[in-house]
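The structure appears below as structure tokens.
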Amino acid sequence: MKLNYIKNLNEGSLEIKPITFWKAIILSFIFDITYSFVYTPISIFVEFYRDMFFMNSWSENLLTTITDFIYQYGIMLVIIVLINRSFETNGNVLYDEKISKKKYLAGVGMIVGYICITYGVFDFLLYSLPTLNEGLYEYLEQYLLNTSYIFIFISSCIMAPFFEEILYRGILLNGLLKKYSYKKAIIYSALIFGIAHMNLPQGINAFLLGVIIGLAYYYTRSIYVCMGMHFANNFLVNFVVYPESRLWTIILFIVIPIIGLIIFIKSFRTIKNNKGIENV
Numbered sequence: 071m072k073l074n075y076i077k078n079l080n081e082g083s084l085e086i087k088p089i090t091f092w093k094a095i096i097l098s099f100i101f102d103i104t105y106s107f108v109y110t111p112i113s114i115f116v117e118f119y120r121d122m123f124f125m126n127s128w129s130e131n132l133l134t135t136i137t138d139f140i141y142q143y144g145i146m147l148v149i150i151v152l153i154n155r156s157f158e159t160n161g162n163v164l165y166d167e168k169i170s171k172k173k174y175l176a177g178v179g180m181i182v183g184y185i186c187i188t189y190g191v192f193d194f195l196l197y198s199l200p201t202l203n204e205g206l207y208e209y210l211e212q213y214l215l216n217t218s219y220i221f222i223f224i225s226s227c228i229m230a231p232f233f234e235e236i237l238y239r240g241i242l243l244n245g246l247l248k249k250y251s252y253k254k255a256i257i258y259s260a261l262i263f264g265i266a267h268m269n270l271p272q273g274i275n276a277f278l279l280g281v282i283i284g285l286a287y288y289y290t291r292s293i294y295v296c297m298g299m300h301f302a303n304n305f306l307v308n309f310v311v312y313p314e315s316r317l318w319t320i321i322l323f324i325v326i327p328i329i330g331l332i333i334f335i336k337s338f339r340t341i342k343n344n345k346g347i348e349n350v
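Under our numbering, the first residue of the sequence shown carries the number 71, and numbering increases by one thereafter.
If you want it as structure tokens, here you go:
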């Protein structure tokens with residue numbers, strides 16, 4: 071995948087034809103299933119080199135991260151080839167409005183607001199739901215225990231926003247917006263994004279995030295803003311803590327969501343004030 075492809079997609083000079091809801095599901099399914107299949111060779115490859123060269127854990131994590139990136143990069147290329155006929159190079163820059171730093175900050179503000187709104191009662195209710203996929207949770211626990219923080223950061227805060235935003239907003243939402251009203255397109259893309267997380271609590275959270283990031287994409291038409299928002303979410307959730315005091319718990323469970331709602335509304339108004347983009 072060439073970076074100019076991302077640039078062209080972001081500018082609208084590489085235009086995507088309409089994509090139906092079911093086609094979007096199939097494309098997401100292809101990405102997830104293909105990645106699941108190729109992750110086994112990654113593990114075998116890393117274990118082979120670890121045993122052969124007596125690698126330490128840091129070197130093993132580095133090799134895993136590099137091979138993981140290469141595989142995801144390759145899978146994304148396959149997706150692009152599969153829907154190549156859905157691309158039209160019109161040579162015209164449709165979204166030529168330069169996105170200001172204020173818009174990027176507003177995108178991050180929407181994420182901060184969302185995290186604050188869901189702080190407390192919502193989080194406890196959400197993560198009290200059955201996971202429906204205990205194996206995935208066990209894998210994630212082992213991954214977090216055995217992986218250096220820097221590689222967790224690269225995987226969750228750089229690779230995930232990069233690849234997922236190209237797929238779910240840059241390609242799928244882009245195509246859905248050509249087929250449906252913006253409300254339906256955002257809901258459909260968010261639903262697919264939630265299902266892709268393969269467990270109930272994370273799926274609901276991903277759906278809500280998908281709606282928020284989808285709205286930002288609709289009003290800015292910038293994949294880069296979406297990547298920034300995705301990065302902010304995956305990074306900031308690591309700093310969410312809860313007080314031990316019952317009094318402070320009650321106070322914060324009321325105050326923080328109210329502050330979050332104010333931040334979210336103000337940030338969304340800034341994002342929405344992107345004249346001309348929403349009517350393209």
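For each residue, glycine too, the CB sits at the ideal point set by N, CA and C.
Cβ pair Leu199, Thr188 closer than 9 Å: No. Outside cutoff.
When Cys227, Ile274, Ile169 and Pro231 are compared against Glu81, the one with the closest alpha-carbon: When each option's Cα is compared against that of Glu81, the closest is Ile169.
Own chain, CB closer than 8 Å to Gly179, minus 5 neighbours either side, in chain order: Here the set comprises Ile333, Phe334, Lys336, Ser337 and Thr340.
Three-state secondary structure assigned by DSSP to Ile89: Correct three-state label for Ile89: coil.
The alpha helix (DSSP H) enclosing Asn244, as first and last residue numbers: Note, Asn244: alpha helix (DSSP H), Asn244 to Lys249.
Thr104 Cβ short of 8 Å to the ligand FAD heavy atom set: As for the ligand FAD, it is missing from this structure, which has no ligand bound.
Rounded distance between the beta-carbons of Gly284 and Leu243, thought under 8 Å: In this structure, Leu243 and Gly284 form a Cβ contact; the two beta carbons are roughly 6 Å apart against a cut-off of 8 Å.
Assigned exposure category for Tyr312 - 16 Cβ within 10 Å defines buried: Exposed: under 16 other Cβ atoms inside 10 Å.
Backbone CA spacing between Asn78 and Gly240 [nearest angstrom]: For the pair Asn78 and Gly240, the Cα-to-Cα distance works out to about 11 Å.
Three or more C-beta pairs below 8 Å linking the stretch 276–291 and the stretch 256–264: When Cβ pairs closer than 8 Å are counted between the two stretches, the stretch 276–291 is seen to touch the stretch 256–264, the count reaching three or more.
Given 8 Å, three or more beta-carbon pairs between the stretch 224–232 and the stretch 295–307: Between the stretch 224–232 and the stretch 295–307, the count of Cβ pairs shorter than 8 Å is three or higher; the stretches touch.
Separation of Lys249 from Ala94, as counted between CA atoms: Computed Cα separation, rounded: 11 Å.
Assigned secondary structure, Val295 (DSSP; H/G/I helix, E/B strand, else coil): Of the three classes helix, strand and coil, the one that applies to Val295 here is helix, per DSSP.
Ser218, DSSP secondary structure in three states: The answer is coil: DSSP assigns Ser218 none of H, G, I, E or B.
Delimiting residues of the alpha helix (DSSP H) encompassing Asn269: If you look at Asn269, you'll find it isn't in any alpha helix (DSSP H); DSSP assigns it neither H nor E.
Exposed unless 16 or more other CB atoms sit within 10 angstroms - verdict on Glu85: By the beta-carbon neighbour count (other beta carbons within 10 angstroms, threshold 16), Glu85 is buried.
Segments assigned alpha helix (DSSP H), at least 4 residues, entirely inside the stretch 290–334: Positions of the alpha helix (DSSP H) runs, each at least 4 residues long and wholly inside the stretch 290–334, are given as 293–306 in order along the chain.
DSSP-derived helix/strand/coil call for Tyr197: Tyr197 falls in the coil class under three-state DSSP.
For Phe232 and Met297, believed in contact at Cβ under 8 Å, the rounded distance: So it is a contact: roughly 6 Å between Cβ atoms.
Simplified DSSP state of Lys336, which is helix, strand or coil: Looking at Lys336 - three-state DSSP - the assignment turns out to be helix.
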